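Number of protein chains: 2
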Amino acid sequence: MESFIYDIPVKVYFGENQLSHLGKELSKFGKKVLMTYGGGSIKKIGLYDKVVEEIKKAGLELYELPGIEPNPRVESVRKGAQICKEKQIDVLLAVGGGSTIDCTKFIAAGAFVDFDPWDFFSKWAPIEKALPIVDILTLSATGSEMDSGGVISNPDTNDKIGRMEPILLPKVSFLDPTNTYTVSEYQTACGSADIFSHICEVYFDTSKNFFMLDTFMEGMLRTVIKYTPIAMSEPKNYEARANLMWTSSWAINGFINGGARNVWSCHPMEHELSAFYDITHGLGLAILTPRWLEFCLNDKTVDRYVRFGTEVFGIDKNLDKMDIAKRAIEATKDFFFNKLKLKSRLSEIGIDDKNFAIMAKKAVSGSALKGFVTLTADDVEKIYRMCL
Amino acid sequence: MESFIYDIPVKVYFGENQLSHLGKELSKFGKKVLMTYGGGSIKKIGLYDKVVEEIKKAGLELYELPGIEPNPRVESVRKGAQICKEKQIDVLLAVGGGSTIDCTKFIAAGAFVDFDPWDFFSKWAPIEKALPIVDILTLSATGSEMDSGGVISNPDTNDKIGRMEPILLPKVSFLDPTNTYTVSEYQTACGSADIFSHICEVYFDTSKNFFMLDTFMEGMLRTVIKYTPIAMSEPKNYEARANLMWTSSWAINGFINGGARNVWSCHPMEHELSAFYDITHGLGLAILTPRWLEFCLNDKTVDRYVRFGTEVFGIDKNLDKMDIAKRAIEATKDFFFNKLKLKSRLSEIGIDDKNFAIMAKKAVSGSALKGFVTLTADDVEKIYRMCL
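As they're listed, the protein sequences go chains B and D. According to our numbering, the first sequence is numbered sequentially starting from 1. According to our numbering, the second sequence is numbered sequentially starting from 1.
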């Protein structure tokens, strides 16, 4: 067990009817608010009007950046940073899902630099200052509402790169499960696949395990398994939406790591799929995760699968270890492809092996992914092929 | 499910060899440090010298308040507040267990008032300002290192009263499991009984349950059950001490409540035992908890016991509900009185029924404890008698 620093000072307003606190929270940071959002779904659900009303009530000055893309692009970061500089914005208000919040984080940093914000990713330019961020979450998936990271795409270079900096952590997050009532069955499934993957990336690790945190991770996985099908069939089920929302935040805010070394595997592999084919992140993860688990299963790693199978899926402890592991992988597939109704193969979503070699090289950043099992570019290519 | 605000901005250095960060963290708040501690065990384990060295290295000015009692007394609060005023202390450093940290919280508040700090409890005098608190934990039990509350005793009035105020939350906590290596078998058991009780006070509640948080609570209870006997028989088992330490913090920092109404029952009953007889808090809780569970079991409450029994103790789900509930209570007794080797009856620790009537009235504050099951003074007296 390694030492670690726990430091997650995000204030969360969880539940219905909390928006009356918005004006007060924004005002702590200044007068000029830049609201960022996506394609306009927040207008359809009436959230936009409510937010504008609260901002007006608080006497704040509102600027807007709509149109942030799923798999947010560096162009939006550039636009947002430009507005911040021109209008001398004091605080950012991201209203949307992980894409909007991710993009807003790098706008917050971009507001203070003279160079192109893509340098944050291509040259790892330092991030020393950032505007404060408040967010209102509308999709349970990425956990961006309570973590310090984000992923930005650059279509010019087919790059999709993530970066974490403590200074990018939102100050305040509004998590109202009713804001996810209109999330479609498919997007709900993809969001949950993302949450499930975030937990697996930490759970399947070679570091010495922290039992208490293992039980939390298993509890969160069981929560996702239990409530995603309910949220899909009863989109206005508060209990289901609330459980998925709070799980999304805790799956990736760093708490469950507990000092584990923890190098992720599926996310870097998926980022290449999204970068090359602009597919939904959660769908890519759902297709990759069980094949990655299959690839990594061996005599050395089997014990972790046994715990996963028995504690998460309730598989009989008395079976043979390898048998439990294989059943656990089958149960994972059943969850993604039957319960969540997601497509199970890349070929079904129009992806062939044309770019696998180059994607694999990019996924391992030229060397290897030193995660649960070390993966070379060849290994990653094999895993992509298992997904065909 | 009720809405709630999550706001726990405590920074935690968890693990070994983190003390090199102490000077830097204290310096954020000023130059003059008042270190508070208990009976000197921190000198025996060498922690005192290490702390003084770090404070000197950082060029800070050190003042000391030793001798804080288990079940800390208002007299220590008065002394500490006086030092803060006289020496114009900038930051408090509590080195010890929950008693020391609890006491330090009200010293932090007392530093800013002209009236007697006991008024915080007897008159609920407002707590509007408090000095910043940094702590170094040496006992896994109360969770004071990550919550905003504390309990202070006044032997003159036989009162033991708790109070929570967000402003009293420590800024930084150093949680090094090796600092608990010398905690005796008995104190380890009492600490774990306290942790177990904190979780039960939230878990057994009539509010609508939050599944994800239920799984966390069950995981924490299983953690305490698994690791306490190990820590008792192998006091230098890092894994056991680490799991107990991190569980102690998360059992009571508010996270697991998830908006539940959550009125506690065993703690108010136990505070009267400690106030009248100065017994160890955890021991009192261990004796009370199974009897309270027995008293509250009925057809309306049984479902919660079923979940508790099956998820925490692995009792067969196929048994009759009431049977599972009774087995769960027996398993709880077995944990406290066999595994933790704690005395099971008040009569064994020299307590008779002489003060039960007055203690029961104080426990319900003159009306009733509206917790999991509403308890009148008569009910509380019955529970005390069950413990004889």
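All C-beta atoms, glycine included, are put in the ideal place defined by N, C-alpha and C. Predicted model only: the values in this text are computed from it and were never measured.
Since D:A125 contacts D:F115 with CB under 8 Å, what's their CB separation in whole angstroms?
Indeed, because the Cβ distance is near 6 Å, the residues count as touching under 8 Å.
For a minimum of 3 consecutive residues, which ranges assigned as the beta strand (DSSP E) are wholly contained in the region 88-146 of chain B?
The region 88-146 of chain B contains these whole beta strand (DSSP E) runs: 91-96 and 133-137.
Can you tell which of D:A360, D:G371, D:S365 and D:C387 has its C-alpha closest to the C-alpha of D:D379?
Ranking the options by Cα distance to D:D379, first place goes to D:A360.
Looking only at its chain, what residues have a beta carbon closer than 7 Å to the beta carbon of D:P155, apart from the 5 residues adjacent to it on each side?
Taken in chain order, the residues that qualify are R73.
Check B:A368 in the structure and name its three-state DSSP category.
Correct three-state label for B:A368: strand.
Against B:T215, what residues of chain D qualify as contacts under a CB-to-CB distance less than 7 Å, listed in chain order?
G219, R222 and T223, listed in chain order.
Have a look at D:H281, D:L319, D:H271 and D:I324 and flag the residue whose alpha-carbon is nearest the alpha-carbon of D:Y305.
With distances taken between Cα atoms, D:Y305 lies closest to D:I324.
Can you list, in chain order, the residues of its chain whose CB lies under 6 Å from that of D:Y389, leaving out five sequence neighbours each side?
This structure does not reach residue 389 of chain D, given that chain D is present from 1 up to 388, and the question cannot be answered.
Could you check where the alpha helix (DSSP H) with B:T215 kicks off and where it finishes?
First-last of the alpha helix (DSSP H) with B:T215: F211 to S233.
Is there a C-beta anywhere in chain B that falls below 8 Å from the one on D:M212?
Yes, D:M212 counts as interfacial toward chain B.
Using a C-beta to C-beta distance shorter than 8 Å, which residues of chain B count as neighbours of D:M1?
Result: G15, Y238, E239 and A242.
Between D:D7 and chain B, is any beta-carbon pair separated by less than 8 Å?
Cβ-Cβ to chain B under 8 Å: yes for D:D7.
Could you name each continuous alpha helix (DSSP H) segment of 4 residues or more that falls completely within the region 323-366 of chain D, going from the start of the chain to the end?
Fully enclosed alpha helix (DSSP H) runs of 4 or longer: 356-363.
Between the C-alpha atoms of D:D393 and D:N262, what's the straight-line distance to the nearest angstrom?
This structure cannot speak to residue 393 of chain D, because chain D is shown only from 1 to 388.
Does any C-beta atom of chain B lie closer than 8 Å to the C-beta of D:F174?
No, its Cβ sits nowhere closer than 8 Å to a Cβ of chain B.
So, under 8 Å CB-CB, B:N253 and B:D102 are touching, yes? Tell me the CB distance rounded to an integer number of Å.
14 Å between Cβ atoms; not a contact.
So, do the region 219-231 of chain B and the region 336-346 of chain B have three or more beta carbon pairs nearer to each other than 8 Å?
These segments touch.
Measure the C-alpha to C-alpha separation of B:I152 and B:W118 and round it to an integer number of angstroms.
Approximately 9 Å, taken between the alpha carbons.
Here's the rule: buried if 16 or more other CB atoms are within 10 angstroms of the residue's CB, otherwise exposed. What is B:E234?
Its Cβ having fewer than 16 others within 10 Å, B:E234 is exposed.
Going by alpha carbons, who is nearest to D:Q88 out of D:K43, D:L34, D:G96 and D:G97?
It is D:L34 whose Cα lies nearest to the Cα of D:Q88.
Could you tell me the boundaries of the beta strand (DSSP E) in which D:T301 lies?
Counting along the chain, D:T301 falls outside any beta strand (DSSP E), and DSSP gives it neither H nor E.
Any idea what DSSP makes of D:S153, helix, strand or coil?
D:S153 falls in the strand class under three-state DSSP.
Taking contact to mean 3 or more Cβ pairs, one atom from each stretch, closer than 8 Å, check whether the region 174-183 of chain D and the region 17-31 of chain D are in contact.
Flag = yes, the region 174-183 of chain D and the region 17-31 of chain D touch.
Since D:F289 contacts D:T332 with CB under 8 Å, what's their CB separation in whole angstroms?
For the sequence presented, residue 289 of chain D should be read as Thr rather than Phe. Going by Cβ atoms, the distance from D:T289 to D:T332 rounds to 7 Å, so yes, they are a contact pair.
Using beta carbons (cut-off 8 Å, strictly below), is B:T247 in contact with chain D?
At least one chain D Cβ lies under 8 Å of B:T247.
Taking 8 Å as the threshold, find out whether the region 7-15 of chain B comes into contact with the region 48-67 of chain B through three or more Cβ pairs.
Output reads no: the region 48-67 of chain B does not touch the region 7-15 of chain B.
Output the boundary residues of the alpha helix (DSSP H) element that contains B:Y181.
Element bounds for B:Y181: n/a, residue is neither H nor E.
What are the uninterrupted segments assigned as alpha helix (DSSP H) that are 4 or more residues long and contained completely in the region 237-278 of chain B, given in chain order?
Counting whole runs of 4 or more residues, the region 237-278 of chain B contains the alpha helix (DSSP H) stretches 238-250 and 266-277.
Rank B:N257, B:G110 and B:C190 by C-alpha distance to the C-alpha of B:E270 and give the top, closest one.
Cα-wise, what sits closest to B:E270 is B:C190.
Please report the residue range of the alpha helix (DSSP H) in which B:S41 lies.
It spans S41 to K44 - the alpha helix (DSSP H) in which B:S41 sits, taken as one unbroken run.
Grouping DSSP H, G and I as helix and E and B as strand, with all else coil, what is D:L62?
DSSP places D:L62 in strand when its eight states are reduced to three.
Taking only beta-carbon positions, decide if D:F4 is within less than 8 Å of chain B.
For D:F4, the answer is yes, since a Cβ of chain B falls inside 8 Å of its Cβ.
Nearest CA to the CA of B:K32: which residue from B:Y13, B:S347 and B:A58?
Looking at the Cα atoms, B:A58 is the closest of the given residues.
Please decide whether B:V95 counts as near chain D, where near means a Cβ-Cβ distance under 8 Å.
No, its Cβ sits nowhere closer than 8 Å to a Cβ of chain D.
Would D:E53 be called buried (16 or more neighbouring beta carbons within 10 Å of its own) or exposed?
Exposed, by the Cβ-count rule.
Relative to the C-alpha of D:R307, which candidate in D:K362, D:F295 and D:T215 has its C-alpha closest?
The shortest C-alpha separation from D:R307 is found at D:T215.
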